[in-house]
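Just so you know, we're using our numbering here: the sequence shown kicks off at 46 and counts up by one. Every residue gets a Cβ at the ideal spot worked out from N, C-alpha and C, and that includes glycine. Below is one structure, written out as structure tokens, with a few remarks after it.
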Amino acid sequence: MTVMAAQRLNLMQRLLRGWEAVHPYNAAQIVTVRGTLDATAVETAWAGAVATLGVSGMPIPLGTVRVLPPSTSIAAYLNAEMNATFGEPAAFPFRPFVMLRGDGTRDCGIVYRHWVADSVSIRRLLAEWVARSTPTVVTVADTPSAPAICRASAGAENGRQIGYAAMCGRRHSPAGWVGHFLDLCRGLTRLRQARKPISGENDYRVRVRMAEMPSGLGGELRSECRGRGLNVSDVLLAALAEACAQHVPLQSGTRRRDVAVGNIVDLRPYRGRSLDAFGLCLGFTNAVCDPAALADWPRLLRTIAAQGRLHRRAGVTHSSTAWWAVALAFQCLMRRERIYRFYRKQMPLAGGLSNVRLDALSPSLNGSPSVLGYVRISPTGPVAPVALSTTTLADHMQVALTYRSAIVSDAAAEALLDQFKCRIARGGGEKC
Numbered sequence: 046m047t048v049m050a051a052q053r054l055n056l057m058q059r060l061l062r063g064w065e066a067v068h069p070y071n072a073a074q075i076v077t078v079r080g081t082l083d084a085t086a087v088e089t090a091w092a093g094a095v096a097t098l099g100v101s102g103m104p105i106p107l108g109t110v111r112v113l114p115p116s117t118s119i120a121a122y123l124n125a126e127m128n129a130t131f132g133e134p135a136a137f138p139f140r141p142f143v144m145l146r147g148d149g150t151r152d153c154g155i156v157y158r159h160w161v162a163d164s165v166s167i168r169r170l171l172a173e174w175v176a177r178s179t180p181t182v183v184t185v186a187d188t189p190s191a192p193a194i195c196r197a198s199a200g201a202e203n204g205r206q207i208g209y210a211a212m213c214g215r216r217h218s219p220a221g222w223v224g225h226f227l228d229l230c231r232g233l234t235r236l237r238q239a240r241k242p243i244s245g246e247n248d249y250r251v252r253v254r255m256a257e258m259p260s261g262l263g264g265e266l267r268s269e270c271r272g273r274g275l276n277v278s279d280v281l282l283a284a285l286a287e288a289c290a291q292h293v294p295l296q297s298g299t300r301r302r303d304v305a306v307g308n309i310v311d312l313r314p315y316r317g318r319s320l321d322a323f324g325l326c327l328g329f330t331n332a333v334c335d336p337a338a339l340a341d342w343p344r345l346l347r348t349i350a351a352q353g354r355l356h357r358r359a360g361v362t363h364s365s366t367a368w369w370a371v372a373l374a375f376q377c378l379m380r381r382e383r384i385y386r387f388y389r390k391q392m393p394l395a396g397g398l399s400n401v402r403l404d405a406l407s408p409s410l411n412g413s414p415s416v417l418g419y420v421r422i423s424p425t426g427p428v429a430p431v432a433l434s435t436t437t438l439a440d441h442m443q444v445a446l447t448y449r450s451a452i453v454s455d456a457a458a459e460a461l462l463d464q465f466k467c468r469i470a471r472g473g474g475e476k477c
């Protein structure tokens, strides 16, 4: 049994495991590096990475790393892997793979159960694997040699476990418990005005599309945002809201005319110090946009940015913890087949965003001549029919779209991704 399975899970891990009971809630990360190795060397490097980080308390299964033929379509491979169950909760939670290309490069990737670890933790595991199998890659700066791994709560401080409840305390947010409760009530009321995605008729399968943005776009977008007093995530979230409003089938009503999108937030920095624990520490915020804003890009951008500033100032990032605590309480009382229906009504998001700038988090990856690209694939789950992951390494941005095929067709997904790319490529300027 894994250490993660043996210990008490934190709030978000319990919530996501409930989602996984309905349909696999898998995620994936892939790094492209220079150099080729034989299958034995890759397997040895993987076993060493897992052992060094202490990720699992169980023996690593033999032949864990799957070696894909050079002609494999990564997107097609992920279409199957994102929908493939891992089995029992105590089963080994990672499915690593490698594809050796004929041009002297290789893709190293991990498909994983998202309730076990967040993107930060998987980046550490993947970087350790790459560092062990590619001597030219600098030792990973943000990966301690032997951190406290798989702790049940969000982290530890002075030998005491810090869980999600502590994240809502006055010490970590100016809002305090009363402020969080009021934020929760206001947020639920506002979401009641958002249009619901169509149901999808209990078909929860997902598909994946990936794309690379024009070279240098990451740096240009950051410069543009600094000049306008915006965060990059404001532009990305606004572009996602605009694209979802046009390409995700949503049900309108007299009281539901707006479109809501979500933003995944890493809560580790909000604790005020670095968090070494391997596990999951995520929060969520959302933005709700009315039809007038969705029809006017400058107004939409102002709307998203204003809500983002409010969230950061009032500590709404932490208030999301209260929402998920309430959701978990209801989720534990309902049948599995009602979970997706519950979230579709209470948190009707048209799409979700996960944005990461790797060079700000993993200095060893930035500028390394061995690392050529990095892609993250997020799951959709019951909260949103599409999930968009943007990953920037140096000035290169790669995008991955995960979508429920019963709700969003392949053609609609392609159109959504194209519109998002066009908007971002123009720096959030004129409409495509």
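Quick one: using the 10 Å Cβ neighbour count with 16 as the cut-off for buried, is A350 buried or exposed? Buried, because 16 or more other Cβ atoms sit within 10 Å of the Cβ of A350.
For the structure I just gave you, are there three or more beta carbon pairs, one from the segment 231-246 and one from the segment 388-401, closer than 8 Å? Contact between the segment 231-246 and the segment 388-401 is established, with three or more Cβ pairs separated by less than 8 Å.
Should N203 be labelled buried (16 or more other beta-carbon atoms within 10 Å of its own) or exposed? Residue placement at N203 is flagged as unreliable, the pLDDT there being 39, under the threshold of 50; a coordinate-derived value is accordingly withheld.
Candidates Y122, V420, M127: closest to R402 by CA position: The residue with the shortest Cα to Cα distance from R402 is V420.
So, does the segment 108-115 touch the segment 322-336, judging by three or more C-beta pairs under 8 Å? As far as the Cβ criterion goes, the segment 108-115 does not touch the segment 322-336, which means the pair count is below three.
Do M127 and V251 have their CB atoms nearer than 9 Å? Closer than 9 Å, so yes.
Would you mind reading off the limits of the beta strand (DSSP E) that contains D152? For D152, the enclosing beta strand (DSSP E) stretches over residues 150-158.
Taking 8 Å as the limit between beta carbons, can you name the residues of its chain near L417, skipping five residues before and five after? So the list reads T77, V78, R79, T150, once near-sequence residues are dropped.
With a threshold of 6 Å on Cβ separation, who are the neighbours of L82 within its own chain once the five nearest residues in sequence on each side are excluded? A distance below 6 Å between beta-carbons, with the five flanking residues on each side excluded, links L82 to the following residues of its chain, in chain order: S178.
Would you kindly work out how many angstroms separate the C-alpha atoms of P343 and R235, rounded to a whole number? Taking the straight line from one Cα to the other gives about 22 Å.
Quick check on T447: buried or exposed, where buried means 16 or more other Cβ atoms within 10 Å of its Cβ? Buried.
Pairwise C-alpha distance: E459 and A289: First, the residue type needs correcting, since residue 289 is Cys and not Ala in the sequence shown. Roughly 12 Å between the two C-alpha positions.
Using only alpha-carbon positions, find the residue among A286, R383, L462 that is nearest to D341. Comparing Cα positions, the closest option is A286.
Which residues share a DSSP beta bridge with P141? The beta-bridge partner set that DSSP reports for P141 consists of I155.
Mind checking who E257 pairs with in its DSSP beta bridge? DSSP, once it has assigned bridges, lists Q443 as partnering E257.
So for C377, helix, strand or coil by DSSP? Collapsing the DSSP output to three states places C377 in a helix.
For R158, which residues of its own chain have a beta-carbon under 6 Å away from its beta-carbon, when the five flanking residues on both sides are left out? For R158, where only same-chain residues beyond five positions count, the Cβ hits under 6 Å are F131, P138.
What number of angstroms, rounded off, separates the C-alpha of M57 from the C-alpha of C326? If you take the alpha carbons of M57 and C326, they lie about 8 Å apart.
Assuming A72 and S423 are in contact, meaning their beta carbons sit under 8 Å apart, how far apart are those beta carbons, in whole angstroms? Confirmed, about 6 Å.
Using a 10 Å radius around the Cβ and a threshold of 16 neighbouring Cβ atoms, would you call S353 buried or exposed? Here the sequence assigns Gly to residue 353, which means Ser is not the residue at that position. Answer is buried; the Cβ neighbour count reaches 16.
Let me check one thing: in DSSP terms, what residues is N331 bridge-paired to? Answer is G307.
Have a look at the DSSP bridge pairing and note the partners of G245. Answer is none; G245 lacks a bridge partner.
Are the CB atoms of E382 and N247 nearer to each other than 9 Å? Taking 9 Å as the Cβ cut-off, E382 and N247 qualify as a contacting pair.
Among the residues of its own chain, which have a CB less than 7 Å from the CB of S365, if the five just before and after it don't count? Here the set comprises G328, F329, T330.
Beta-carbon proximity check, D440 vs S260, cutoff 9 Å: Yes.
So, is F465 buried or exposed, given that buried needs 16 or more other C-beta atoms within 10 angstroms? It counts as buried.
Mapping DSSP to helix, strand and coil, what is V420? In the structure shown, the three-state DSSP call for V420 is strand.
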